[in-house]
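Since the structure comes first, as C-alpha cells, the remarks are kept for the end.
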Amino acid sequence: MDRWQDDLIGAVSGDSASEREVFECIQRASRALGFQHVSYGFQAPLPL
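For the sequence shown, the tail end lands on 742 under my numbering, and the numbers increase by one without skipping.
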C-alpha cells in the first residue's frame, strides 16, 4: 500500500470524534494529492 494510504487509514481510525472530522481528514488528503473535489459516504451500523 502507498504511504499516503497508510497515513489516511491511520488518521481516520484514530481519535476522530465525528464523521465531520473524518471527512475533513479525507478532504485534506485529497487536496494534498491535487484533487479539487472529494466525495465521502458514511453508513452507520444498525443495531440488531
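In this text, a Cβ means the ideal position worked out from N, Cα and C, and glycines have one as well. The structure presented is a predicted model; accordingly, all values stated were derived computationally and were not measured.
{"Asked": "List the whole-angstrom C-beta distance separating SER724 from VAL716, where the pair is believed to meet the contact cut-off of C-beta under 8 angstroms.", "Found": "With a Cβ gap of about 13 angstroms, SER724 and VAL716 do not count as contacting."}
{"Asked": "Rounding to the nearest angstrom, what Cα-Cα distance links LEU727 and GLY704 in this structure?", "Found": "17 angstroms"}
{"Asked": "Measure the C-alpha to C-alpha separation of GLN721 and ARG714 and round it to an integer number of angstroms.", "Found": "10 angstroms"}
{"Asked": "Helix, strand or coil: which one does DSSP assign to GLN737?", "Found": "coil"}
{"Asked": "The ligand ADP and GLU715: does any heavy atom of the ligand fall closer than 7 angstroms to the residue's C-beta?", "Found": "The model depicted lacks the ligand ADP and carries no ligand whatsoever."}
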